[in-house]
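If you read the sequence shown in full-length UniProt numbering, its first letter stands for residue 1, the second for the next number, and so on.
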Amino acid sequence: MSTIRCDIVSAEAEIFQGEATLVVATGEMGELGIAPRHAPLITRLKPGKVVVTQPDGSVLDFAIGGGILEVQPQVVTILADTAIRADDIDEAAVKAAKEEAERVLAGRGEAMDIAEAQQKMAEVMAQLSALERLRKNLKH
1 MSTIRCDIVS AEAEIFQGEA TLVVATGEMG ELGIAPRHAP LITRLKPGKV VVTQPDGSVL
61 DFAIGGGILE VQPQVVTILA DTAIRADDID EAAVKAAKEE AERVLAGRGE AMDIAEAQQK
121 MAEVMAQLSA LERLRKNLKH
């Protein structure tokens, strides 16, 4: 079976490094599926999901806060603004951050400006979505 190396890195740490048969990410123009021998490319990523299918068929789910995806002949690199594994997400903290961002966007908060609140909202929604996908996969 053909594989491609996948590296997911955030500003804080290396989140994942390993072999993959498929990497799916949320690009600015929509979903991207990267398989071995994909044509080289560089694109920006929106806050959303990254799903890595490993050679044994297991699937790893990540939530990212935007970034850059680079595809080279032997490696896919995701340089994320923020990234977290779905099973490491603190649901209570994410919901609190979502409520704070909603308050700011509704004009009732002062802790951050509107652009920062919109970015934070996109990040927490990506994390909540990753939690939902994780729960769905655990039920199967």
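C-beta atoms are modelled at their ideal positions from N, C-alpha and C, and glycine is treated no differently.
In its chain, beyond the 5 residues on either side, A117, K120, M121 have a beta carbon closer than 6 Å to the beta carbon of A101. The C-alpha of V76 lies about 9 Å from the C-alpha of P40. The straight-line gap separating the alpha-carbon atoms of V52 and I84 is approximately 13 Å. Taking a C-beta distance under 7 Å as the contact criterion, D61 and R133 qualify as a contact pair. Under the DSSP assignment, E14 falls in the beta strand (DSSP E) whose first and last residues are 14-20. In this chain, E28 is not harboured by any beta strand (DSSP E), its DSSP state being neither H nor E.
Partner residues in the beta bridge of S10, as assigned by DSSP, are A80. According to DSSP, V71 shares a beta bridge with L41, V76.
Between S129 and T82 the beta-carbon gap is near 14 Å, outside 8 Å, which marks them as no contact. DSSP, read as helix, strand or coil, puts A63 in strand. Relative to K95, the option among A126, Q74, K46 whose CA is nearest is A126.
Closest option to G27, judged by alpha-carbon separation, among R37, T3, A80: A80. A straight-line Cα-Cα distance of about 41 Å links Q17 and G107.
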